[in-house]
Amino acid sequence: MKNMMNVFEGPDALKDFLNPGKHPNLPLVELPARLNPFAADNIRIFAKLMSMLPLGNVKSVPAFNMIREKSRQGELEGVDRMVENSSGNTVSSMALVGRQFGVDQTQSYVPAEISWNKLLMLLFYGIEPIVNVEPTDPDETDPQSGVYKAKKDGEEKDAINPGQYDNEDNPKSHENWTAEQIWEQTDGKIDVFCAGLGTTGTIIGNSRFLKSKKESLQVVGAMRAPEQYVPGVRTEKLLKLVGFDWRKHVDSIERVETTVSYQLSMELSRQGIVVGPSSGLALAGLFQYLTELKQNNKIEELRDNQSDDLVCVFLCPDGPIPYLDEYFKYLDSSHFPAIQNEELLLNKP
């Protein structure tokens with residue numbers, strides 16, 4: 003039973019606090035008409051705020067499930083360190099969860115182009131970064147890739163690699179927790195689900211559960227367009243590193259660019275839905291998908307009947323603060339207020 007009072011106490015208080023199954027449902031918030039260009043078409047759009055999890059990001063859900071299951075199977079006995087290929091939310095969550103299961107040391111392979119702010123975040127959480135120059139055409143079997151190196155390190159006696167890219171406990175976590183919440187919160191009336199494609203565990207787990215409940219439901223996967231940057235989400239080329247067969251769980255793929263992802267994220271945040279750039283990417287992907295449906299007169303085909311609203315949910319993985327400097331890199335000055343008396347600043351960069 004969910005802990006509706008949200009109190010965690012006793013010797014396992016922290017472990018229980020990090021357990022997604024012991025919290026009330028995370029907020030599902032409908033976008034007002036000023037943020038929803040399809041409101042006049044009776045299309046309702048809801049943001050699922052995974053950013054409201056205790057660790058502030060969606061990756062804490064599979065991190066908890068993967069590590070708990072390895073503990074249950076006895077795979078953490080004699081393990082002193084975890085090793086993963088991740089430059090942000092996943093390995094941060096693994097480190098914090100792992101300490102509750104007796105693994106105090108965490109190492110992470112990070113790409114050479116990692117931002118300094120993200121590197122500082124890893125250090126803040128006590129994670130040892132291992133900088134790696136990734137191959138230009140990555141593959142999970144490439145010995146130069148961080149994914150391969152993390153797996154090899156995890157074979158050592160004192161180490162373990164949770165393996166977010168092919169560990170079935172990743173999608174299972176969303177199947178068991180995230181998707182069930184969404185189904186309950188929409189009273190089973192959800193028609194379209196959209197999420198970014200990273201390790202793809204989120205979209206696989208949600209697709210499995212939601213489609214088992216409603217076969218007609220459409221799943222939209224949003225990926226980065228080629229040569230575009232959005233943290234936590236992959237391009238088609240980078241998805242080669244993922245071991246899951248994610249394509250069979252997705253009905254439509256939308257390729258999204260950097261600028262629109264950061265812009266929509268900022269627009270949502272300024273209205274009180276404080277979410278990061280990957281949330282903007284998911285919403286942009288959903289907008290693109292709905293635009294295509296509308297242009298092809300196919301929206302009505304998705305409704306249960308023509309009088310029903312079309313209910314869409316997009317996933318918001320985290321907040322904007324870890325990426326704050328990037329908004330000023332990818333959006334021009336027209337998006338921000340001017341600073342009055344700027345010349346008086348003592349610590350201007």
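Offset between the sequence shown (1-based) and the working numbering: plus 2.
Virtual Cβ for every residue (Gly too), placed ideally from N, Cα, C.
Asked: Going by C-alpha to C-alpha distance, which of M52, P22, I129 and L37 sits closest to L30?; Found: M52
Asked: Rank L219, D320 and T201 by C-alpha distance to the C-alpha of S209 and give the top, closest one.; Found: L219
Asked: In whole angstroms, what is the alpha-carbon distance linking E294 and Y127?; Found: 43 Å
Asked: With DSSP as the reference, identify every bridge partner of D341, one or two as the case may be.; Found: The displayed chain sequence assigns Ile, not Asp, to residue 341. DSSP, once it has assigned bridges, lists no residue as partnering I341.
Asked: Considering only the alpha carbon of each residue, which of G282, V63 and E32 lies closest to F19?; Found: V63
Asked: Buried or exposed for D247, please, with buried defined as at least 16 other CB atoms from any protein chain shown within 10 angstroms of its CB.; Found: exposed
Asked: Where does P324 fall in DSSP's three states?; Found: helix
Asked: Do D310 and V244 come within 9 Å of each other at the CB atom, strictly closer than that value?; Found: no
Asked: Runs of 3 residues minimum, wholly inside the region 267-317: which ones carry the beta strand (DSSP E) assignment?; Found: none
Asked: Just tell me which of N119, I116 and E130 has its CA closest to the CA of L108.; Found: Note on residue identity: the sequence assigns Thr, not Leu, to residue 108. Nearest option by C-alpha distance: E130.
Asked: Among residues of its own chain, excluding the 5 on either side of A181, which ones have a beta-carbon nearer than 7 Å to its beta-carbon?; Found: G207, N208, F211 and L212
Asked: Specify, as a first and last residue, the run of the beta strand (DSSP E) that Y150 falls within.; Found: Premise fails: Y150 lies in the alpha helix (DSSP H), G148 to D155, not in any beta strand (DSSP E).
Asked: Using the DSSP secondary-structure output, state which residues sit across from V133 in a beta bridge.; Found: V112
Asked: Tell me which same chain residues have a C-beta within less than 6 Å of the C-beta of K17, skipping the five on either side of it?; Found: Q102
Asked: Quick one: grab the DSSP three-state call for K50.; Found: strand
Asked: Of all the options F10, I323, F330 and L304, which has the alpha carbon lying nearest to the alpha carbon of K191?; Found: L304
Asked: List, from N- to C-terminal side, the beta strand (DSSP E) runs of 3 residues or more that fit wholly inside the region 53-102.; Found: 83-87
Asked: Following the continuous alpha helix (DSSP H) through E182, name the residue where it begins and the one where it ends.; Found: A181 to Q187
Asked: Measure the alpha-carbon distance for E170 versus A340 and round it to whole angstroms.; Found: 49 Å
Asked: For a test of the three-state rule: what should DSSP assign to R257, helix, strand or coil?; Found: strand
Asked: By Cβ distance, which residues of its chain are closer than 7 Å to G100, with the 5 residues on each side in sequence left out?; Found: I69, M84 and T108
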